[in-house]
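Shown next, in structure tokens, is the structure this report addresses.
Number of protein chains: 2
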Amino acid sequence: MATKNPLTRPKALGRMLNFAAGASTTMCQDLLSEHGLTLAQWVILSALWRQDGMLVSEIADYSGNNAPAASRIVDRMEEGGLVKRVPSKEDKRVVLVCLTKQGQSLDHLANFYETVNQRLLEGLSDEEAELLFGLLERVEANARARPEA
Amino acid sequence: MATKNPLTRPKALGRMLNFAAGASTTMCQDLLSEHGLTLAQWVILSALWRQDGMLVSEIADYSGNNAPAASRIVDRMEEGGLVKRVPSKEDKRVVLVCLTKQGQSLDHLANFYETVNQRLLEGLSDEEAELLFGLLERVEANARARPEA
DNA sequence: GATTTTTAGTTGCCATGTAAATATTTCCGT
DNA sequence: ACGGAAATATTTACATGGCAACTAAAAATC
Numbered sequence: 787m788a789t790k791n792p793l794t795r796p797k798a799l800g801r802m803l804n805f806a807a808g809a810s811t812t813m814c815q816d817l818l819s820e821h822g823l824t825l826a827q828w829v830i831l832s833a834l835w836r837q838d839g840m841l842v843s844e845i846a847d848y849s850g851n852n853a854p855a856a857s858r859i860v861d862r863m864e865e866g867g868l869v870k871r872v873p874s875k876e877d878k879r880v881v882l883v884c885l886t887k888q889g890q891s892l893d894h895l896a897n898f899y900e901t902v903n904q905r906l907l908e909g910l911s912d913e914e915a916e917l918l919f920g921l922l923e924r925v926e927a928n929a930r931a932r933p934e935a
Numbered sequence: 787m788a789t790k791n792p793l794t795r796p797k798a799l800g801r802m803l804n805f806a807a808g809a810s811t812t813m814c815q816d817l818l819s820e821h822g823l824t825l826a827q828w829v830i831l832s833a834l835w836r837q838d839g840m841l842v843s844e845i846a847d848y849s850g851n852n853a854p855a856a857s858r859i860v861d862r863m864e865e866g867g868l869v870k871r872v873p874s875k876e877d878k879r880v881v882l883v884c885l886t887k888q889g890q891s892l893d894h895l896a897n898f899y900e901t902v903n904q905r906l907l908e909g910l911s912d913e914e915a916e917l918l919f920g921l922l923e924r925v926e927a928n929a930r931a932r933p934e935a
């Protein structure tokens, strides 16, 4: 079967955002898999490299996940020997997620996002890049706004 | 424990794309859940409302999923009575995904993406919106470009 | 015409995202 | 100090997304 002419796509911003984000994520996964990391793990490590010992809830906020998702990613990182959970003495509800030696040893990947930015923004002027960041922030704020109706 | 001052986030485009796309998706899911649809299901329905009887591979391309993911979404839509699989007579490998009466009956949601666009683009001028679409296309193309190295 | 290659679709496995329920601990109003 | 409310983390259940492997069927090659 040859290709029927495929359906043209409506100009849906949500779709375009998801396609761009998905392509960006795939690119990151490809680059990080050489180091045995997933993107979700790198994001958490990138936070810990700057501030070791974070709450799961802080990790969730930082990484944009909800707490259960963050907890399970930490599970796998713990299994992989990247981090360890340290129960807090002051607040017994709290668990501090801390880097292991192995997790620390990967901190040369801390500027990985700059590599990604360069690739994604190739061919865009600095002004266009700034504009894009600003527009994305406004769109995200619109998406999170509760309908007043 | 009060809030330590949270980590400032680097200006990572990939992160920003994922946050914006995630917020947009969540908004869509909220709106669609009233109709018993998920966003992935709506995307497929929106294609079928325009061209009933599509291959799973065509649906995968249109929706931006890989074939296995598309197949399983169709599974759930079939369980939910939205579509049915019709084996092709000409090519016995092929399955045509067709709307049921129930799937057809939801076609008043065909312009749902326009509602979403309006919300996401609130406060943006037409020029800014056009600019955003163009920039996103260029970023996505960059993300999909194979490194020549 | 038989064998190999390609194509379409599905299934299995694993990681992730969301929601709801739970346990534990702390906070706060009284 | 006491009791209810809030915070923290986890577990479970389910839907989704990506990749690899698999089956069946068609196409291509010899």
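Just so you know, the protein sequences line up as chains V and Z, in that order. One gets our numbering by counting positions in the first sequence from 1 and adding 786 to each. One gets our numbering by counting positions in the second sequence from 1 and adding 786 to each. Quick reminder that beta carbons are idealized off the backbone N, C-alpha and C, glycines included.
Look up residue i in the DSSP assignment and say whether it is helix, strand or coil.
i: P873 (chain V); result: strand
i: L831 (chain V); result: helix
i: L825 (chain Z); result: helix
i: L817 (chain V); result: helix
i: L892 (chain V); result: coil
i: L885 (chain V); result: strand
i: L917 (chain Z); result: helix
i: L841 (chain V); result: strand
i: L793 (chain Z); result: coil
i: N897 (chain Z); result: coil
i: L907 (chain Z); result: coil
i: N928 (chain V); result: helix
i: G866 (chain V); result: coil
i: N804 (chain Z); result: helix
i: R809 (chain Z); result: One detail in the question is off: residue 809 (chain Z) reads as Ala in this sequence, not Arg. Correct three-state label for A809 (chain Z): helix.
i: A798 (chain Z); result: coil
i: R880 (chain V); result: First, the residue type needs correcting, since residue 880 (chain V) is Val and not Arg in the sequence shown. Reduced to three states, the DSSP call for V880 (chain V) is coil.
i: M787 (chain V); result: Because M787 (chain V) sits at a pLDDT of 41, beneath the cut-off of 50, its placement in the model cannot be relied upon, and the following sentence gives the value as read from the coordinates. Here M787 (chain V) sits in coil by DSSP.
Take residue i and list the residues in its own chain whose beta-carbon comes closer than 7 angstroms to its own, dropping the five residues that flank it on each side.
i: L906 (chain V); result: S810
i: L793 (chain V); result: none
i: L885 (chain V); result: L834, D838, V869
i: S843 (chain V); result: A853
i: Q888 (chain V); result: G867, L868
Under 7 angstroms between the Cβ atoms of residue i and residue j?
i: M840 (chain Z); j: V883 (chain Z); result: yes
i: Y848 (chain Z); j: A826 (chain Z); result: no
i: N928 (chain V); j: E926 (chain Z); result: no
i: L922 (chain V); j: A806 (chain Z); result: yes
i: P873 (chain V); j: V881 (chain V); result: yes
i: I845 (chain V); j: A855 (chain V); result: no
Report all residues from its chain with a CB closer than 6 angstroms to the CB of residue i; omit the five preceding and five following residues, and keep chain order.
i: R795 (chain Z); result: none
i: V829 (chain Z); result: S849
Grab me the residues of residue i's own chain with a C-beta within less than 8 angstroms of its C-beta, minus the 5 sequence neighbours each way, in chain order.
i: L910 (chain V); result: L918
i: G822 (chain Z); result: G866
i: A788 (chain V); result: Only weak support exists for where A788 (chain V) lies, its pLDDT of 40 falling under 50; the coordinates are left without a value.
| message | With three or more C-beta pairs closer than 8 angstroms as the rule, is the segment 800 to 807 of chain V touching the segment 916 to 933 of chain Z? | response | Judged by pairs of C-beta atoms under 8 angstroms, the segment 916 to 933 of chain Z touches the segment 800 to 807 of chain V, as three or more such pairs exist.
| task | Pair every Cβ in the segment 896 to 911 of chain V with every Cβ in the segment 865 to 877 of chain V, then say whether three or more of these pairs are closer than 8 angstroms. | result | With the cut-off at 8 angstroms, the segment 896 to 911 of chain V and the segment 865 to 877 of chain V do not touch.
| query | Looking at chain V, which residues of the segment 905 to 927 of chain Z have a Cβ within less than 7 angstroms of any of its Cβ atoms? | reply | Identification of residues in the segment 905 to 927 of chain Z having a C-beta nearer than 7 angstroms to some C-beta of chain V yields R905, L906, L907, E908, G909, L910, E914, L917, L918, F919, L921, L922, R924, V925, E926, given in sequence order.
| task | Using a Cβ-Cβ cut-off of less than 8 angstroms, give me the residues of the segment 793 to 809 of chain Z that come near chain V, in sequence order. | result | For the segment 793 to 809 of chain Z, which is checked against every Cβ of chain V, the residues closer than 8 angstroms are L793, R795, P796, K797, A798, L799, G800, R801, M802, L803, N804, F805, A806, A807, G808, A809.
| task | Quick one: which residues of the segment 833 to 867 of chain V get their C-beta closer than 7 angstroms to a C-beta of chain Z? List them in chain order. | result | Across the segment 833 to 867 of chain V, CB contacts with chain Z closer than 7 angstroms involve A833, R836, Q837, E844, D847, Y848, G850, in sequence order along the chain.
| query | What are the residues of the segment 813 to 833 of chain V that lie near chain Z, defined by any Cβ-Cβ distance shorter than 7 angstroms? | reply | Flagged, chain order: M813, C814, A833.
| Residues within the segment 872 to 902 of chain Z neighbouring chain V, beta-carbon criterion of under 7 angstroms | Answer set for the segment 872 to 902 of chain Z: D877, V880, Y899, V902.
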